[in-house]
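Novice: In our numbering, the protein residues as written are 150 to 297.
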């Protein structure tokens, strides 16, 4: 069996984790659904295995990896409503750079929150000195602001 390196599970972003795992499977030329399923089960921490116990005991006869992936993402990902609530109420710049913070807010907003609202939230949570610098680009799109 090919030895692959499964990264530590990312419970806050299981979609990204599965993308990393998929790339490992591709590099190792692993195509079997059952093999993928077994790798995931063998590498998930106990706390997260419990979240999908009903999927792995007993293992599905077909499409086990697909079902396990889908359910882990569904059960552990924040709902869109939770992401928007976090966006509107809780997110702060913290130790991120301004444009890292903007990308994070855009991720939380998805396509459901208009850019002008994301821009307003972002600017309002930046230090006043940074706000003054960015105010000169008030008419630019968020993408243009990030690349300037």
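Where is the CB? At the ideal position from N, CA and C, for every residue including glycine. No experiment lies behind these values; they were computed from the predicted model shown.
On a Cα-Cα basis, can you pick out the residue from 275, 210, 167 and 160 that is closest to residue 244?
Specialist: 275
Novice: Count the C-beta pairs between the stretch 174–193 and the stretch 214–230 that are closer than 8 angstroms, then say yes if the count reaches three, no if not.
Specialist: Here the stretch 174–193 lies against the stretch 214–230, with 3 or more beta-carbon pairs under 8 angstroms apart.
Novice: Can you tell which of 286, 277 and 160 has the C-alpha that lies nearest to the C-alpha of residue 242?
Specialist: 277
Novice: In three-state DSSP terms, what is residue 158?
Specialist: coil
Novice: Helix or strand or just coil, what does DSSP make of residue 273?
Specialist: helix
Novice: Between which two residues does the alpha helix (DSSP H) holding residue 220 run?
Specialist: 213–225
Novice: For residue 234, count neighbouring C-beta atoms within 10 Å of its own C-beta (all shown protein chains included) and say buried if the count is 16 or more, exposed if not.
Specialist: The residue in question, residue 234, is exposed, as its Cβ has fewer than 16 Cβ neighbours within 10 Å.
Novice: From what residue to what residue does the alpha helix (DSSP H) around residue 206 run?
Specialist: Where residue 206 is concerned, there is no enclosing alpha helix (DSSP H), given that its DSSP letter is neither H nor E.
Novice: Whole angstroms is fine: what's the gap from residue 257's alpha carbon to residue 236's?
Specialist: 6 angstroms
Novice: Buried or exposed for residue 213, please, with buried defined as at least 16 other CB atoms from any protein chain shown within 10 angstroms of its CB.
Specialist: buried
Novice: State the DSSP-derived secondary structure class of residue 278, mapped to helix, strand or coil.
Specialist: helix
Novice: One question on the structure: do residue 164 and residue 205 come within less than 8 angstroms of each other, judged by their Cβ atoms?
Specialist: In this structure, residue 205 does not lie closer than 8 angstroms to residue 164 by Cβ.
Novice: Pick from 226, 266 and 238: whose alpha carbon is nearest that of residue 167?
Specialist: Answer by Cα proximity: 226.
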